[in-house]
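Participant: Chains C and E, in that order, give the protein sequences. Heads up: the first sequence at position 214 corresponds to 214 in the working numbering, and the numbers run straight through without jumps. Heads up: the second sequence at position 46 corresponds to 46 in the working numbering, and the numbers run straight through without jumps.
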Amino acid sequence: MRGHRALVSARFRALLQYRSAALAGLGTQLFWGLIRVMIFEAFFVSSVMSQPMELGDVITYIWLGHAFLVVLPWNVDRELQTMVRSGGVTYELLRPMNLYNAWFSRAIALRTAPAMLRAVPLLTIAALFLDLQAPESPEAGLAFVISMIGAVILSAAITNLLNVALVWVTSGERLTYLAPPFVVLFSGNIVPIPFFPDWAQTAIRLMPFSGIVDSPFRLYVGHIPPSELGFVLAHQLIWSAIFIVVGKRMLAQGLRRMEVQGG
Amino acid sequence: MRILDNIRVYLRFLEVSVKSQMQYRASFVMLSLGHLAGTGIEFIGIWVLFERFGSLKDWALPEVAFMYGIVNIAFAITDAATRGFDAFGVMVKSGDFDRLLTRPRSTALQLAGQELTLRGVGRLLQGLIVLVWAATALDLDWTVLKVLLVVFAVLGGAALFSGLLVLQATLAFWTTESLEIMNTVTYGGVETTQYPVTIYRPWFRDIFIFVVPLATVSYFPSLAILGRDDPLGTSLLFQYLSPAFGFVFLAATLRVWQFGVGHYRSTGS
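Below you can see the structure in the form of structure tokens.
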């Protein structure tokens, strides 16, 4: 456990070095968020029908989405990808740690450090000037924080499954092209899940991805009451467990047939 | 003759690029599918919102889809044909740009011909599907002139997006680094102008009319084709001619590029 903690913290600090990228990202995210906010404003004035969420809640949801965009499992660990390609992955095998757990630790750092760099300034600016609301209540705020931990674990489990898939070099990389669009759409990042057609609601909520974006954000705005935090956590953790088990199996199988090339 | 010769060289560049990418056919197919899905979810998002709200101000889904199609096709063409400018920051950093300067062709031509990125075919296909669906769903009375305007708008849009990439690359002469912030006007521009610009707040709308004139290739020509009145009060003639601003913009950015090349200092090594 100590080894893993050290690994998370080392990667976390390494990823915190990319400050100028985060700053450039901040400008992009602000601009992008503003477009989304204006589009929703325009939609809301177009319809007198009652909507599944209020405009203020949607705006808050949008800013949270941009602040925590990189929590989504939208990419793999670049260093691991290079390592698999160059053969450097053999060093990883020599380390006195369980390989899956070590990579999982890296995934945790990958999903948190860049997000922190972006979230703090973005949320500050959005709260001051761009209509980001405070959490619905202190309980809602607490439920949000706890569910974000669940979201990070779930996202790291998915990220690590993609990492593990890289061991099968070509087919693994194909998975990394095809998976992100589905993750982004069904997490609620493009449109909050409550706006999806009613007939699709249950299916989308049962999928793992809503646990990364939609559930924590709706806890924040009070659209899901804090009393339902248990359901959200259960959903996140069950899916995390599934992804971890599958990931471990796949890794074991991948290592059995691994050929190391080059020297 | 010079121009014809340049075009011939450019096509030859592209041919080589296509051949090399076709060596990895399966990878190409998967990348394109990924792109198709990646850009397709944007449209699913729009569809979801129209399902809920019915309309956007007084715009219906097929009308917005029409603009969406034009903008995405235009951007896909640019994305495929001017990749060299996109990766230009790397070239400046490594000093590879020096090599281009020694060749007897213009630098802009060589950069544009660097690579024809075929994976953009995903966005192109998606844009085409949406545009064709919109055109049939709208039940418009098509005239030759309107069809020509669609082509004009797409080409004008591709020119405008190319101009933006040229501008982004030009900045790298001074910053030696590609600026992510420019993505706000390229990718952000695609996002913005796939909706009618009149839905935005006036200051924001004006940016996309006067500064980065993307509205001239999506919004104004679409009004003419859809037969809608413009709340901004432009004339039909203006709407037909407005995609020309895309070409004007590209010409202007190429002048800025020339200026940048004049100020280029190699990073050495």
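Backbone N, C-alpha and C define an ideal beta-carbon position, used for all residues, glycine too.
For L117 (chain C) versus A22 (chain C), is the C-beta distance shorter than 7 Å?
Facilitator: Contact flag set, yes.
Participant: DSSP three-state label for W168 (chain C), please.
Facilitator: Coil, per DSSP.
Participant: Can you name, in chain order, every residue of its own chain whose Cβ lies under 8 Å from the Cβ of T176 (chain C), other than the five neighbours on each side?
Facilitator: Same-chain partners within the cutoff: N75, V76, L162, A165, L166.
Participant: Three Cβ pairs or more, each shorter than 8 Å: is that satisfied between the region 140 to 155 of chain E and the region 195 to 211 of chain E?
Facilitator: In short, these stretches do not touch, since the Cβ pair count stays below three.
Participant: So is Y200 (chain E) in contact with chain C if we call contact Cβ pairs under 7 Å?
Facilitator: Y200 (chain E) counts as touching chain C.
Participant: Start and end of the alpha helix (DSSP H) containing D206 (chain E)?
Facilitator: First-last of the alpha helix (DSSP H) with D206 (chain E): 202 to 206.
Participant: If you measure from the beta carbon of P197 (chain C) to each beta carbon in chain E, is any gap under 7 Å?
Facilitator: True, the Cβ-Cβ gap to chain E drops below 7 Å.
Participant: Grab the span of the alpha helix (DSSP H) containing Q194 (chain E) for me, first residue to last.
Facilitator: No alpha helix (DSSP H) holds Q194 (chain E); DSSP gives it neither H nor E.
Participant: How big is the Cα-Cα spacing for G188 (chain C) and K57 (chain E)?
Facilitator: Between G188 (chain C) and K57 (chain E), the C-alpha separation is close to 24 Å.
Participant: For G263 (chain C) and T82 (chain C), I'd like the C-alpha separation in whole angstroms.
Facilitator: Caution applies to G263 (chain C), whose pLDDT of 47 falls short of 50 and renders its modelled position unreliable; the model cannot decide the point.
Participant: Could you check how far apart the C-beta atoms of A37 (chain E) and P197 (chain C) are, in whole angstroms? I think they sit under 8 Å.
Facilitator: Wrong, their Cβ atoms sit about 20 Å apart, outside the cutoff.
Participant: Take L154 (chain C) as the anchor and find which of C:F31, C:Q236, C:V246 has the nearest alpha-carbon.
Facilitator: The candidate whose alpha carbon is nearest that of L154 (chain C) is C:Q236.
Participant: Chain C beta carbons: is any one of them nearer than 7 Å to that of E63 (chain E)?
Facilitator: Not one chain C Cβ lies under 7 Å of E63 (chain E).
Participant: V9 (chain E) to R103 (chain E), Cα distance in whole Å?
Facilitator: Rounded to the nearest angstrom, the two C-alpha atoms are 13 Å apart.
Participant: Kindly list the residues whose CB is nearer than 7 Å to the CB of A143 (chain C), restricted to its own chain and excluding five residues on each side of it in sequence; keep chain order.
Facilitator: Answer for A143 (chain C): L219, P226, L229, listed in chain order.
Participant: Between I62 (chain C) and chain E, is any beta-carbon pair separated by less than 7 Å?
Facilitator: With 7 Å as the cut-off, I62 (chain C) does not count as an interface residue toward chain E.
Participant: Could you list which residues in chain C have their beta carbon closer than 7 Å to that of K93 (chain E), in chain order?
Facilitator: Here the premise fails: no neighbours, minimum Cβ distance about 14 Å.
Participant: Closest Cβ-Cβ distance between E191 (chain E) and chain C: below 7 Å?
Facilitator: Closer than 7 Å: yes.
Participant: Using a Cβ-Cβ cut-off of 7 Å (strictly less than) and excluding sequence neighbours within five positions of P216 (chain C), which residues of its own chain qualify?
Facilitator: These residues qualify, in order along the chain: F144, S147, M148, A151.
Participant: What is the DSSP secondary structure of L232 (chain E), reduced to helix, strand or coil?
Facilitator: L232 (chain E) falls in the coil class under three-state DSSP.
Participant: Could you tell me which chain E residues have their CB closer than 9 Å to the CB of L285 (chain C), listed as they occur along the chain?
Facilitator: It is not possible to answer for residue 285 (chain C), since the shown part of chain C is limited to 1 through 263.
Participant: Give a yes or no on whether the minimum CB-CB distance between L49 (chain E) and chain C is below 7 Å.
Facilitator: Closer than 7 Å to some Cβ of chain C, the Cβ of L49 (chain E) qualifies, so yes.
Participant: If you draw a straight line from the C-alpha of G89 (chain E) to the C-alpha of L164 (chain E), how long is it?
Facilitator: About 15 Å.
Participant: For G45 (chain E), which residues in chain C fall below 8 Å Cβ to Cβ?
Facilitator: Neighbours of G45 (chain E) on chain C, chain order: L185, I190, V191.
Participant: Provide the residue span of the alpha helix (DSSP H) that contains T60 (chain C), from first to last.
Facilitator: Per DSSP, T60 (chain C) belongs to the alpha helix (DSSP H) from 55 to 67.
Participant: Using only CA atoms, which one of E:L116, E:D96, E:T117 lies nearest to T107 (chain E)?
Facilitator: The option with the nearest alpha carbon to T107 (chain E) is E:D96.
Participant: Can you round the beta-carbon distance between T112 (chain C) and F12 (chain C) to whole angstroms, since I take them to be within the 8 Å contact cut?
Facilitator: The pair is a contact, with the Cβ atoms about 7 Å apart (cut-off 8 Å).
Participant: Would M83 (chain C) count as contacting chain E if we go by Cβ distances under 7 Å?
Facilitator: So, not an interface residue.
Participant: Here's the rule I'm using: 16 or more other beta-carbon atoms within 10 Å means buried, otherwise exposed. How should V89 (chain C) be labelled?
Facilitator: By the 10 Å Cβ count, V89 (chain C) comes out buried.
Participant: With distances taken from CA atoms, which of E:L237, E:L236, E:F173, E:A76 is nearest G189 (chain E)?
Facilitator: Ranking the options by Cα distance to G189 (chain E), first place goes to E:A76.
Participant: What is the residue span of the alpha helix (DSSP H) that I7 (chain E) lies within?
Facilitator: Unbroken alpha helix (DSSP H) run through I7 (chain E): 2 to 21.
Participant: Please state the DSSP three-state secondary structure of L140 (chain E).
Facilitator: Three-state DSSP puts L140 (chain E) in coil, outside helix and strand.
Participant: With DSSP as the reference, please indicate the residues paired to L56 (chain E) in a beta bridge.
Facilitator: For L56 (chain E), which the question treats as bridged, DSSP gives the partners E:W59.
Participant: Take every Cβ of the region 117 to 128 of chain E, pair it with every Cβ of the region 10 to 29 of chain E, and state whether three or more of those distances are shorter than 8 Å.
Facilitator: Contact between the region 117 to 128 of chain E and the region 10 to 29 of chain E is present, because at least three Cβ pairs lie under 8 Å.
Participant: Does chain E have any CB closer than 7 Å to the CB of I35 (chain C)?
Facilitator: It does; some Cβ of chain E falls within 7 Å.
Participant: Looking at chain C, is there any beta carbon in it that lies within less than 7 Å of the beta carbon of F210 (chain E)?
Facilitator: F210 (chain E) does not count as touching chain C.
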